[in-house]
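Anchor point for the sequence shown: position 260 equals 260 in the UniProt record's numbering, and the numbering is continuous, going up by one each time. The C-beta atom is built at its ideal place from N, Cα and C for all residues, glycine as well. Please read the structure below before turning to the comments.
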Amino acid sequence: MIKLNLSLADATWRQQFKKQGNTLQWQDTLPDTHKNDTDFKTLWDDWLKAAKDLNPETKVAEEAAKWHLNDLPKHKLARARQEISQATRKAKRLTDSWNLLENSKKLKTANDALRRLKKAIYGDANNSDGTIENSKVFKEGPASSRDATCRGTLAANKATSIAAVMLCLCTKGNTATQVAKPCTDFPSVSTEWDANGNNGPTVFANLIKTCPEPTAAPLHAQTILQMVTAIKASFTLQDTSAYLGAFEATNCDGSNAKGVCVEYTDFTHTATEKLDTIPWLRQLRELADDLAAATSAIKQQQAITEKLNEIKSDAQELRANLHQTIIEPKTSTDHTATGSTKPSAQKQECDLHKSNKTTCENAGKCEWEGATQTDDPCEVDESKFTQKTTTGTGDEVETQQISNFKKNDDCKSTDCKWEGESCKDFIFLVNKNISLMVASPAGLVAWQHFKVFCLIL
Numbered sequence: 001m002i003k004l005n006l007s008l009a010d011a012t013w014r015q016q017f018k019k020q021g022n023t024l025q026w027q028d029t030l031p032d033t034h035k036n037d038t039d040f041k042t043l044w045d046d047w048l049k050a051a052k053d054l055n056p057e058t059k060v061a062e063e064a065a066k067w068h069l070n071d072l073p074k075h076k077l078a079r080a081r082q083e084i085s086q087a088t089r090k091a092k093r094l095t096d097s098w099n100l101l102e103n104s105k106k107l108k109t110a111n112d113a114l115r116r117l118k119k120a121i122y123g124d125a126n127n128s129d130g131t132i133e134n135s136k137v138f139k140e141g142p143a144s145s146r147d148a149t150c151r152g153t154l155a156a157n158k159a160t161s162i163a164a165v166m167l168c169l170c171t172k173g174n175t176a177t178q179v180a181k182p183c184t185d186f187p188s189v190s191t192e193w194d195a196n197g198n199n200g201p202t203v204f205a206n207l208i209k210t211c212p213e214p215t216a217a218p219l220h221a222q223t224i225l226q227m228v229t230a231i232k233a234s235f236t237l238q239d240t241s242a243y244l245g246a247f248e249a250t251n252c253d254g255s256n257a258k259g260v261c262v263e264y265t266d267f268t269h270t271a272t273e274k275l276d277t278i279p280w281l282r283q284l285r286e287l288a289d290d291l292a293a294a295t296s297a298i299k300q301q302q303a304i305t306e307k308l309n310e311i312k313s314d315a316q317e318l319r320a321n322l323h324q325t326i327i328e329p330k331t332s333t334d335h336t337a338t339g340s341t342k343p344s345a346q347k348q349e350c351d352l353h354k355s356n357k358t359t360c361e362n363a364g365k366c367e368w369e370g371a372t373q374t375d376d377p378c379e380v381d382e383s384k385f386t387q388k389t390t391t392g393t394g395d396e397v398e399t400q401q402i403s404n405f406k407k408n409d410d411c412k413s414t415d416c417k418w419e420g421e422s423c424k425d426f427i428f429l430v431n432k433n434i435s436l437m438v439a440s441p442a443g444l445v446a447w448q449h450f451k452v453f454c455l456i457l
């Protein structure tokens, strides 16, 4: 639209994108003469890019010809300029809004959301196979004992991922006093978790074999928030600490007499909001918030895209209407025409503004046809007075079926683009909605573990 807009302008108007006195150098910055002009400030960069694309001047005619606007008489060209100019400004505003929404999204693709989910589960956004590494699921690796690994202050607690929490809650230790089946929802695994945690990856691999078969499901923000709420409700808040799991006394060493748990030793019984600062819970909540924001932005972008496509369709219809009015019908059995000419009173008013472009354009029914701001005629804008209706059996404007184009060179219309081995309709601006389906093998594993973690609480 910007290129079409510029191609319809006078050659003298396009000269301002070249430095004065040097037609070989571009005026890359907005000239001081236009620094207070809203249109120029908004569109200068786009106009400049279009001017470069339309250089040399032969490309100007080629661009107009793509839209069949290169052979219009002066009064029709004036109307085309006005319509395309208005459409271009509207499209620019909409496109800027679309880009603002795009830049505001922290999640731009489904993979972005999946990476964030993997980070919360495995401590590794790039995890691809569902296995774990001690140095990633635990903060700086596990400690020398189970209690030291699973219990500590919020800042020092080593269980910083969902996988780590699952090991702390659902595995049997290797001493006689250890709880045999810490998680009643799952059978005991065949491998016991060593006190120093070194065999964590093997134990975790066996643990997840007991999980239900995963099913692909949409990942919605509300689903994650419901899980976060359920997990928080499962915490027990005491006077000096908060724990998840079973706690009898003293610590979380996995024994019958003490506890199988994850404990934060610097919480109070009123510190409900502090639960949101636990690393893996915080990551899940932030993911839900960003997912909700991205979903909202996508819906707004889709609405904008529809409006942009309407603008393109309107421009195509304008082209056809303008082109049809200058083709003489070969035969006609019923021909009627109604119209009006330039009102003399309006012409006199426009003549009063012939030395000032701004007052001319603000008059309402006048248009500026000059190359400068002060020295050209201010003419009556016929598009605001003349309306012509023609009916009959004359020749119609011939339109080409895009799918008939079989060669890349033929597919040069503004209405189409070449894709692969065929010519296809061109859409002004396409937005591919983020698919919120966790569908990759790694994604299914991540989703499975997340569901398992919620089930064991």
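Tell me the residue span of the alpha helix (DSSP H) that contains residue i.
i, result
"E193", "Checking the sequence, you will find Trp at residue 193 rather than Glu. Per DSSP, W193 belongs to no alpha helix (DSSP H) and is neither H nor E."
"W44", "38–53"
"W98", "74–104"
"E63", "58–66"
"K136", "134–137"
"I121", "110–122"
"N70", "Careful: N70 lies outside any alpha helix (DSSP H) and carries neither H nor E."
"T33", "Counting along the chain, T33 falls outside any alpha helix (DSSP H), and DSSP gives it neither H nor E."
"L6", "2–7"
"T12", "11–14"
Measure the C-alpha to C-alpha separation of residue i and residue j and round it to an integer number of angstroms.
i, j, result
"T391", "A65", "Caution applies to T391, whose pLDDT of 29 falls short of 50 and renders its modelled position unreliable; the value that the coordinates give is listed next. Computed Cα separation, rounded: 26 Å."
"F17", "A320", "30 Å"
"S104", "T95", "14 Å"
"A156", "D129", "28 Å"
"residue 464", "E286", "The first residue shown for the chain is 1 and the last is 457, placing residue 464 beyond what the model contains."
"K209", "K139", "25 Å"
"N36", "T42", "11 Å"
"T23", "L107", "45 Å"
"E248", "T270", "21 Å"
"W44", "T305", "23 Å"
"W193", "Y243", "20 Å"
"N196", "L237", "27 Å"
"V262", "F235", "10 Å"
"C454", "C211", "Residue confidence for C454 is low, a pLDDT of 39 falling below 50, so the modelled location carries little weight and cannot support an answer."
"T295", "K59", "41 Å"
"T272", "Q283", "17 Å"
"W67", "L8", "11 Å"
"L48", "K3", "10 Å"
"G141", "I231", "24 Å"
"R93", "L219", "32 Å"
"F40", "H34", "6 Å"
"Q178", "S241", "23 Å"
"Q20", "Q27", "8 Å"
"residue 487", "L281", "One cannot answer for residue 487 here, as it falls past the ends of the chain, which runs 1 to 457."
"L30", "K312", "28 Å"
"E62", "D32", "31 Å"
"K74", "A113", "55 Å"
Do we get a CB-CB distance below 8 Å when we pair residue i with the residues of chain C?
i, result
"R282", "The chain labelled as chain C is not found in the depicted structure, where only one protein chain is given."
What are the boundary residues of the beta strand (DSSP E) that includes residue i?
i, result
"A25", "It should be pointed out that residue 25 corresponds to Gln in this sequence rather than to Ala. Unbroken beta strand (DSSP E) run through Q25: 22–26."
Cutting at 6 Å between CB atoms, please list the residues of its own chain near residue i, excluding the five before and the five after it.
i, result
"L225", "A288"
"N127", "K118"
"S153", "It should be pointed out that residue 153 corresponds to Thr in this sequence rather than to Ser. For T153, where only same-chain residues beyond five positions count, the Cβ hits under 6 Å are T265, D266."
"A221", "A288, L291, A292"
"L318", "E83"
"R89", "none"
"M1", "T88, A91"
"W98", "Q301, I304"
Counting only the same chain and skipping the five closest in sequence on each side, list residues whose C-beta sits under 7 Å from that of residue i.
i, result
"A51", "L6, R14, F17"
"L101", "A297, Q300, Q301"
"E310", "none"
"E57", "A11"
"T131", "P201, A205"
"D147", "N251, C252, D253"
"A143", "T149, K158"
"K136", "Y122, G123, D124"
"L207", "M166, C170, T171, V189"
Go through its chain and collect everything with a Cβ distance to residue i's Cβ below 8 Å, but skip five positions before and after it.
i, result
"T202", "T191"
"V430", "The predicted model places V430 with a pLDDT of 25, which falls under 50 and marks its position as unreliable; any figure quoted below should be read in that light. These residues qualify, in order along the chain: T305."
"A125", "R115, R116, K118, K119"
Next on the checklist: Give the list of continuous beta strand (DSSP E) stretches no shorter than 3 residues that lie fully inside the stretch 183–270.
Outcome noted: 242–247, 259–264
Checklist entry - Is the stretch 242–255 in contact with the stretch 169–179, if contact means three or more CB pairs nearer than 8 Å? => result yes
Checklist entry - Where are the alpha helix (DSSP H) runs, 4 residues long or more, that stay fully inside the stretch 124–184, in chain order? => result 134–137, 146–150, 162–170
Next on the checklist: Quick check: the stretch 267–277 against the stretch 77–84, are at least 3 beta-carbon pairs closer than 8 Å?
Outcome noted: no
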